[in-house]
Structure formats: C-alpha cells, structure tokens
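Student: Can you keep this structure in mind? I'll have questions shortly.
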Amino acid sequence: MELVFLYRLFDIAEEIDLSKAEEILSEKRPFRLKLKKIPPKAIHIEEPPLIFEYSTGFYFFNGKTLPTKIAGKIFAWGVLSLNLSLDLQDLNPDEFLELMVYLNNTEEFDELFKKEVRFLKDLLTPALIKPSPELFEEDFLIFFTTEKPNYDPVPLLLGEKEPISGATRAEILNNRFSYADTDMTIIAWDAAFVYDADGNMDVIDLLEFAVSQLLELRYYDSLLTKAINEMYQDIDRAEEEWGYKKLGKYRTIMKRLLKTVADITEITERVQNALKVTEDVFYARVYSQALRIFRTNVWAEQIRHKLNVLERSYSMLSEEVVTSRFLALEITIVLLILLEFILALLPHFK
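Following my numbering, the residues of the sequence shown are numbered contiguously, the last one being 653.
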C-alpha cells in the first residue's frame, strides 16, 4: 500500500468545543484520536482531537485513476486539519517521483481545500469560540508505504528530479528514524516519508500534531505583531491629547494590552503542552525532532519576545499614568495651600 497525504491545516477559531463539534458531525461518525501502537501511558494527549471522514472520489494522473479520500481532524485549540489522500497502488516508483514533483509545485488543490474549510467552518459555527476572521494555514505532505522501499526516498521528500548533492542528502537523512527493520520515518521541513510494514499510522498522527502546533505558534506570532503595531498607533494618537483625556486613552490601551498578554500566554502554553511523551523513547525522538525541524522553538521565542514588548509597554504606560496622577495631586495640594494662604490674608485687606 502506498498513499500520499496532502495536509492543509487552518486556524478557524480561538477554541473549538469538541463535544459540540461531535454532535454537529454525527452523520460522519466522528471519533477521538487513539494511537494504536503507543500505550496510553507513554503519550499523554490533553484533549484528543476529533477525527471524521469527509468524502471520497478519484484523481486522474498520467492516464491512471487514483482513489482519493478527504478526512478531517479538529483540535480543541482552534485548528481544523484536512487531508486529501491519494491511493498510489497502480503507480511505479518513477511515477511516485513524478507525482511528488507535481504535488510540490502545483496549486491545483488550494481552492478545493479553501472551499471545504469555509463550508466546514460555517457548519461548525455553534462549536466555535471566537471564530478567526481570516484563514491562517499551514501545509504538509506525507508519503506513506507498507512496502520496504527499493528506491531512493530523498527525491520524493524534496519533490526534485534533479540530482541531489551529498550534503543535502546527508542533511535529510540525518532526520531518519527507525525502531525496527519494518519501519522508517524521514522528516523534512514541509514533507515526510513514512514506511511501516504493519500499516500503522501513529507517526503520521504525531507529525500532524506537530504541524498543528507550528500553525498556532505562527498564528499567534502574527497576532502579536498586529497588536504591537496597533499599540504604537494608539499611543501616537493618545499623545495628541492633553490631561485626563490622554490618561483615559492610556488606560484603555493598558486594559487591551493586559488582556492580549493574558489570552495569548494561556493559549500558547496550552498548545505547547497539548501532547506529552512520557515513556516511549522512540516516539519521543520522532515528535521532538519534528518540532525542532519545524522550528517551533524559534516561533515560541518570538512570541515570548513580543509578549515582553507588550509587558514593558504596559509598565511604561502605567508609570506614566501614576506619575501624571502624582503630579496632578501635587499641583492640587499646592493650589489648596495657596488658597488657604490667600484666605488667611483676606482679613488683613479689609
């Protein structure tokens, strides 16, 4: 069995109520993710995503008919993942490569994914908490086989027909993992090659999980960039005012900053801690390496940096408000003393 999975993951809400989503999609017979080979104690998933099969069809390639299936996975932190699988049973290794080159360079399926995610987002509206105004997305490609490959998997991963340098090959194969002779996983930035003689797809589920975390970190990094730009614009507008009106605008900015920092800190921590590998060393290595290859640590660090910018800005605005209050209080005290002094002198002028 050979399959290609085309993944498109979308952020559609701040959160998704999986119980409500399960009710809405009841006709699709959805079920929660349960890893097959990995013992439950070895990997802890805080809230297992909801899986559903969506539709089936056919795709024509090189005069051959490839059975297709679209399936979905809903994550509680607001991600809807769609995957289109192509069954390659009638293709030979040369055609595998030709197809992978095509899939790496085509935009043929983009509109299909966007059409389906819009439909599903509307359908799932009752389960969405704070729906996202825009579709923020991430894509990934997985080649899966149950037959031990007698061909070079590296060109498939890169989607390249041209000869590949030794350095590039070594870099790709550095991210190769095997637990036994009957399995192998190779991970690249935007694709993976997975071989499992038993047809087990636990590794694929772990990779999808990691991609969903990458998507959310990228999304919230983008939100923070917008929040920082809006903050600077709001401060500039506040600077045009005077007195209490200016301080009032500062306080409004501070409330918004405090809420943004609290919300994003809570959500990103939830995303990063959604899956914990506690016992299984092999799957821990695969999952951890996937996160490293996807550079989730870089995105997490950027988020921390931008949160620090907002926190420092909050502190400076707070100091400005407090200083202005003390100054106003001091002026009031001076005026009261002056008034008392004037009132004390008035009898002498009668």
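Ideal Cβ placement from N, Cα and C applies to all residues, glycine included.
Looking at the unbroken alpha helix (DSSP H) that takes in residue 376, where does it start and where does it end?
Tutor: Per DSSP, residue 376 belongs to no alpha helix (DSSP H); it is in the beta strand (DSSP E), 367-378.
Student: Closest by CA to residue 506, which one among 523, 516, 488, 494?
Tutor: Of 523, 516, 488, 494, the residue nearest in Cα terms is 488.
Student: Less than 7 Å separating the beta-carbons of residue 362 and residue 389?
Tutor: For residue 362 and residue 389, yes; Cβs fall inside 7 Å.
Student: Our contact map puts residue 451 next to residue 500 with C-beta atoms below 8 Å; I'd like the distance itself, whole angstroms only.
Tutor: Rounded, the Cβ-Cβ distance is 7 Å, consistent with contact.
Student: May I ask you to list the residues that DSSP assigns as paired with residue 579?
Tutor: Residue 579 pairs with 347.
Student: Looking only at its own chain, which residues have a Cβ that is under 6 Å from the Cβ of residue 434, when we skip the five neighbours before and after it?
Tutor: Within the same chain, residue 434 has close Cβ partners 316.
Student: For a quick check, are the C-beta atoms of residue 571 and residue 606 less than 7 Å apart?
Tutor: In contact: residue 571 and residue 606 (Cβ atoms closer than 7 Å).
Student: CA-CA distance, residue 604 and residue 523?
Tutor: Cα-Cα distance, rounded: 12 Å.
Student: On the three-state DSSP scale, how would you describe residue 437?
Tutor: Three-state result, residue 437: strand.
Student: Count the other CB atoms, across all protein chains shown, that sit within 10 Å of the CB of residue 565; report buried if there are 16 or more and exposed otherwise.
Tutor: Residue 565 comes out exposed.
Student: Return the Cβ separation of residue 519 and residue 612 in integer angstroms, given the expectation that the two are a contact with Cβ distance under 8 Å.
Tutor: At roughly 20 Å, the Cβ-Cβ gap does not stay under 8 Å, so residue 519 and residue 612 are not in contact.
Student: Relative to the C-alpha of residue 481, which candidate in 491, 467, 497 has its C-alpha closest?
Tutor: Of the listed residues, the one whose Cα sits closest to residue 481 is 497.
Student: Output the distance between the C-alpha atoms of residue 417 and residue 331, rounded to the nearest integer angstrom.
Tutor: Straight-line Cα distance between these residues: approximately 20 Å.
Student: Would you kindly check if the distance between the Cβ of residue 313 and the Cβ of residue 440 is under 7 Å?
Tutor: Yes, Cβ-Cβ distance for residue 440 and residue 313 is below 7 Å.
Student: To test your reading of the DSSP string, which unbroken beta strand (DSSP E) runs of 3 or more residues are found completely within the stretch 313-357?
Tutor: The qualifying runs are 346-348.
Student: Judging by CA-CA distance, which residue of 558, 591, 563, 338 is the nearest neighbour of residue 525?
Tutor: The candidate whose alpha carbon is nearest that of residue 525 is 563.
Student: Note down the Cα distance separating residue 342 from residue 579, rounded to an integer number of angstroms.
Tutor: Each residue's alpha carbon lies about 13 Å from the other.
Student: Could you check which residue in 615, 323, 577, 517 has the C-alpha nearest to that of residue 596?
Tutor: Comparing Cα positions, the closest option is 517.
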